[in-house]
Amino acid sequence: MAKAAYKVDGAATEVALRTRIRSKRRKNIIFVAAAIFALILLVLAFWQGIIVRHYTEKSDKLTAPIRMMVLSDLHSTIYGKDQKDLIEIIHSQAPDVIFLVGDIADDRVPHDGTKQLIARIGKEYPCYYVSGNHEYWSGEIGTIKGMMRASGIMVLEGDSKVIEINGQSLRICGVDDPDGFLPPYKESGAVRPAHWSDQLEACDKYTKDDIYTILLSHRPEKVNDYNKCRFDLILCGHAHGGQVRIPGILNGLYAPNQGFFPKYVGGYYKLENSTMIVSRGLVKNDIPRIFNPPEIVIIDVKPTHPL
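Spelled out as structure tokens, the structure:
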């Protein structure tokens, strides 16, 4: 009996030991899986590589597709030697036209990154630029606009240009940043209206029913003003994607001029009379971007009824 009891006790001990080992293994596997998941999540959260975000629009004012690229809020960030990494992505997307919607230069760092970019794209693509607030804050807005023009980039200041792309006309309008109308930042010697809204109204007068018209404006929060206008497409930057995002839950934590939990920080917005697309920008700086990598925006505008 004693021997039988010993065998039973030994078997029970062995089963208990195996159970503990299996339980420990499961816990180890769960721990390792959780650690790997957390690491992947951390990498994705703080990933700073450029992504290309695509949008598609349709219009009965076009007879052939047009591919537009939006670059915003570079703040002279460097992407490789002579902006090699950024230029390669631009080339890979083969845009018909490039729009620079403000803060391509910065008020705190040298303009090297800006110069390297515009020296290349100004020679290779039709490019159009409007100013951003940091470019006015730099006190060098005249120099920055001069750099753009010297590189072959068209600077828009409350005016418009009609261009031909793929055998059809396109009107590009652009306004300066609103801070350029404040006394500390007004351009010396510049002949300009008294208010930002005057530039916007001047651009709106160019809109016509038979030509696709785009507005370039740094500020997405000016929605109430844009709703009074008749542009087909409005392209903005400025908000840096709200800095912190939680995909599917929070589109942005904070944006200048909008505060916490802003609405217009990045993406596609249908307004009363037009569509607004906001770029999350290209800057990498001391403020972390969480689930909010730098981006280039591509918009393919296609005819509603292709020929």
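In numbering that gives the first Met the number 0, the protein residues as written are 0 to 306.
Where is the CB? At the ideal position from N, CA and C, for every residue including glycine.
Since the model is a prediction, treat every value here as computed from it, not as a measurement.
In this structure, the alpha-carbon of Lys221 lies about 18 Å from that of Thr212. Val129: member of the beta strand (DSSP E) spanning Cys126 to Val129, first to last residue. Put simply, the region 288-305 touches the region 58-74. At least three CB pairs are less than 8 Å apart. When C-beta atoms of the region 278-285 are compared with those of the region 70-87, three or more pairs fall below 8 Å, so the two segments count as touching. The shortest C-alpha to C-alpha distance from Gly173 to any of Pro183, Thr142 and Tyr225 is the one to Tyr225. By DSSP's assignment, Asp95 forms no beta bridge with any residue. Counting only runs that start and end inside the region 175-205, the alpha helix (DSSP H) elements of at least 4 residues fall at 195-203. Met275 and Leu214 have their C-alpha atoms spaced approximately 9 Å apart. Considering only Ser168, Leu169 and Trp195, the residue with the shortest C-alpha distance to Leu181 is Trp195. Using a Cβ-Cβ distance cut-off of 8 Å, the region 108-128 and the region 153-165 are in contact, since at least three pairs of beta carbons, one from each stretch, lie closer than that value.
In the three-state reduction of the DSSP assignment, Gln242 falls in the coil class.
In this structure, Arg244 is the residue among Arg244, Asp231 and Arg19 with its C-alpha nearest to the C-alpha of Phe260.
When C-alpha distances from Arg229 are compared across His133, Arg170, Lys207 and Lys185, the shortest belongs to Lys207. Pairwise C-beta distances place the region 75-87 in contact with the region 112-123, as three or more of them are shorter than 8 Å.
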